[in-house]
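Only one structure is covered here, and it is reproduced in the block below.
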Amino acid sequence: MKLLILRHAPALNHGRLAGRTDVEADCSDQAAFARMRARIGDPDQVITSPALRCRQTARMLGFPAPHSDERLWEQDYGAWEGLPFESLPDLGPLPVSELADYRPETGESFHDMAARAHEAIRDLTCDSLLIAHAGTVRAALALVVGPQALSFSVAPLSLTVLRRTGDLWSVEAVNVTAP
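Read left to right, the sequence shown gives residues 476 to 654 (this note's numbering).
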């Protein structure tokens, strides 16, 4: 099974941490959408996070009514939601395993978010396109590399490709942008 995961188009979050905040996507780059649509092809199924920015991205790619799955939502940053990026607390030099376990006040950790995303991914039975968030992409990569997935950069409107053979996952591409 081939799994394509597309991070949504740039979020109109005005320099603030969006996470679970439902913000719109900047869908103005028609050429980038056309190039990415050509790269994606025709997956057997398309599933989005329920976030508006993901649903808008799906529509711009010509997938007007995909199924959505609550488990694909971005990490809940709790008290950090909506903060300007420059106001986020500095956690210092945490080892990746500790960072993956860290929960902002009233939020969830990367491991919490990855656990629910992994459920959704493991439920897939055919070639699929997920349109979701940077955290969802990193959660999928964690199936192969563990919490080191937090070190991957995931650009808006970038594609990550994984393949599953039985219970084994492999990474084919990460952070691919059009063209």
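Glycine included, C-beta positions come from ideal geometry on N, C-alpha and C.
State the CB to CB distance for the pair residue i and residue j, rounded to an integer number of angstroms; the pair is presumed to be in contact (CB under 8 Å).
i      : j      : result
Glu594 : Arg495 : Contact flag wrong, Cβ pair sits at about 18 Å.
Thr635 : Ala648 : 6 Å
Tyr577 : Leu566 : 7 Å
Gly553 : Thr581 : 4 Å
DSSP three-state label for residue i, please.
i      : result
His608 : coil
Arg495 : coil
Pro539 : coil
Thr635 : strand
Ser503 : coil
Leu481 : strand
Thr652 : coil
Leu487 : coil
Val620 : helix
In whole angstroms, what is the alpha-carbon distance linking residue i and residue j?
i      : j      : result
Ile522 : Trp548 : 12 Å
Ile480 : Ile606 : 6 Å
Arg491 : Cys601 : 36 Å
Val498 : Met476 : 32 Å
Gln623 : Ala615 : 12 Å
Ala507 : Leu558 : 29 Å
Arg597 : Ser524 : 16 Å
Arg534 : Ala540 : 7 Å
Handout entry: Every unbroken alpha helix (DSSP H) inside the segment 545-609 [4 residues or more]
Key = Correct list: 571-576 and 585-597.
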